[in-house]
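Notes follow the structure.
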Amino acid sequence: MLSYRHGYHAGNYADVLKHSMLIQVLKAMQKKDKPYVYIDTHAGAGAYSLTDEFAQKTGEYLDGVAKLWDHANLPTALADYVETVKHFNAEFDGELTVYPGSPAIVDVELRPQDRMVLHELHVTDHELLENYFIDDKQVKVIRGDGLKGLIAAVPPLERRGVILIDPSYEMKTDYQDVAETIIKAHKRFATGTFVLWYPVVKREQTEAMLTLLKNSGIKKQLRIEQAVSADSDEFGMTAAGLWVINPPWQLDVLAKEALDYLTPLLGHADGHTTVKWEVGE
Numbered sequence: 010m011l012s013y014r015h016g017y018h019a020g021n022y023a024d025v026l027k028h029s030m031l032i033q034v035l036k037a038m039q040k041k042d043k044p045y046v047y048i049d050t051h052a053g054a055g056a057y058s059l060t061d062e063f064a065q066k067t068g069e070y071l072d073g074v075a076k077l078w079d080h081a082n083l084p085t086a087l088a089d090y091v092e093t094v095k096h097f098n099a100e101f102d103g104e105l106t107v108y109p110g111s112p113a114i115v116d117v118e119l120r121p122q123d124r125m126v127l128h129e130l131h132v133t134d135h136e137l138l139e140n141y142f143i144d145d146k147q148v149k150v151i152r153g154d155g156l157k158g159l160i161a162a163v164p165p166l167e168r169r170g171v172i173l174i175d176p177s178y179e180m181k182t183d184y185q186d187v188a189e190t191i192i193k194a195h196k197r198f199a200t201g202t203f204v205l206w207y208p209v210v211k212r213e214q215t216e217a218m219l220t221l222l223k224n225s226g227i228k229k230q231l232r233i234e235q236a237v238s239a240d241s242d243e244f245g246m247t248a249a250g251l252w253v254i255n256p257p258w259q260l261d262v263l264a265k266e267a268l269d270y271l272t273p274l275l276g277h278a279d280g281h282t283t284v285k286w287e288v289g290e
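Residue numbering for the sequence shown follows the working numbering, beginning at 10 and increasing consecutively.
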């Protein structure tokens, strides 16, 4: 398969949620001087032009990051997120022209003692990613299956880590494979913060994956979800969310503030948001 290219979707409402929360997770990790590793199972190309054919074809960023661009007095998570994206657009006089992918966002936050391990299977995106981080000694770029790579990468020497699992879900088997891989990885690295991004295209498919995690015996599992419209059997994503294992303190509070702000801005009357501890301590 491997037809998925994130350039079509860069900066959409799902990216707003994913990246605003990822930044808060990283900031929480930085509260201790001890090093940490960031592991990305599906890293993409690094950064994306919003003026190229991919982004212009769908225009999804117009209903995502662009909606926040000129807003003042944003909630903490959204303010930090917009500030980060603006950092990448400084050379364009602050015009929204490029969008940083997860690795580029993490790179801004990385301290000298931290490191990144990035997996990408798509040939073109891997090449772009490798070029983006060329000669960067803190970053290891691997062309390969990120789910297999995750198992090989844990437990890290640092004993502190953030793992982002953000697959394309092109194949139906991805849903079960993702849940099984996270459960395996957690057994090897129980203190890591696992951040799973998920789409809602067919609700029952998504919930089957999340139920496997919920029933795994793993503690501290938080759901953060934004639905821009009601669940539907028609083609297309109606919601997107993050399932976070071992979230940092107050991530739930920051998420609720952000989603309360985003709901009237991005959602429809039949949409909803959820911030819920699916499994507690």
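Backbone N, C-alpha and C fix where the C-beta goes; we use that ideal spot for every residue, glycine too.
- Counting other Cβ atoms within 10 Å of its Cβ, Leu-31 reaches 16 or more and is therefore classed as buried.
- In this structure, Tyr-22 lies near Asp-72, with their beta-carbon atoms less than 9 Å apart.
- Bridge partners of Ser-225 according to DSSP: none are assigned.
- Listed in chain order, the non-local C-beta contacts of Lys-66 below 7 Å within the same chain comprise Tyr-17, local neighbours out to five positions each way being set aside.
- When the Cα atoms are used, Leu-205 and Leu-251 turn out to be separated by approximately 5 Å.
- With contacts defined as CB atoms closer than 9 Å, Glu-167 and Lys-43 qualify as a contacting pair.
- In its chain, beyond the 5 residues on either side, Pro-176 have a beta carbon closer than 6 Å to the beta carbon of Asp-183.
- Burial check for Met-180: the Cβ neighbour count within 10 Å stays below 16, so the residue is exposed.
- Proximity of the segment 97-112 to the segment 44-61 meets the contact definition, three or more beta-carbon pairs being nearer than 8 Å.
- Comparing alpha carbon positions, the residue from Ala-267, Thr-200, Gln-230, Leu-173 closest to Leu-83 is Ala-267.
- In terms of Cβ geometry, Val-209 and Thr-247 form a close pair [threshold 9 Å].
- Here DSSP, grouped into helix, strand and coil, assigns Met-30 to helix.
- By the C-beta criterion, the segment 149-169 is judged to be in contact with the segment 36-53, since at least 3 inter-stretch pairs fall below 8 Å.
- Apart from sequence neighbours up to five positions away, the residues of its chain that approach Ala-86 with a beta-carbon distance below 6 Å are Ser-29, Gln-33, Leu-263, Ala-267, ordered along the chain.
- Comparing alpha-carbon positions, the option among Leu-271, Thr-272, His-277, Asp-261 lying closest to Lys-285 turns out to be Asp-261.
- Contact between Ala-52 and Leu-127 is confirmed by a C-beta separation of about 4 Å, below the 8 Å threshold.
- DSSP, read as helix, strand or coil, puts Asp-116 in helix.
- Inclusion of Leu-222 and Gln-230 in the CB contact set at 9 Å is warranted, their separation being smaller than that value.
- Per the DSSP secondary-structure output, Ala-236 pairs in a beta bridge with Ala-248, His-281.
- Secondary structure at Thr-60: coil, using DSSP grouped into helix, strand and coil.
- Rounded to the nearest whole angstrom, the CA to CA distance from Lys-157 to Pro-165 is 15 Å.
- Taking the Cβ atoms as the reference, Leu-173 lies roughly 13 Å from Glu-118, outside the contact range of under 8 Å.
- Here Thr-202 is near Pro-256, since their CB atoms are less than 9 Å apart.
- Ranked by Cα distance from Asp-240, the first of Val-25, Met-38, His-281 is His-281.
- According to DSSP, residue pairing for Asp-49 in a beta bridge involves Leu-127, Leu-173.
- Bounds of the alpha helix (DSSP H) holding Phe-97 are 85-97.
- When DSSP states are grouped into helix, strand and coil, Gln-39 belongs to the coil group.
- Nearest Cα to Ala-161 within the set Thr-283, Lys-76, Arg-197, Val-74: Arg-197.
- The three-state reading of DSSP puts Arg-152 in strand, counting E and B together.
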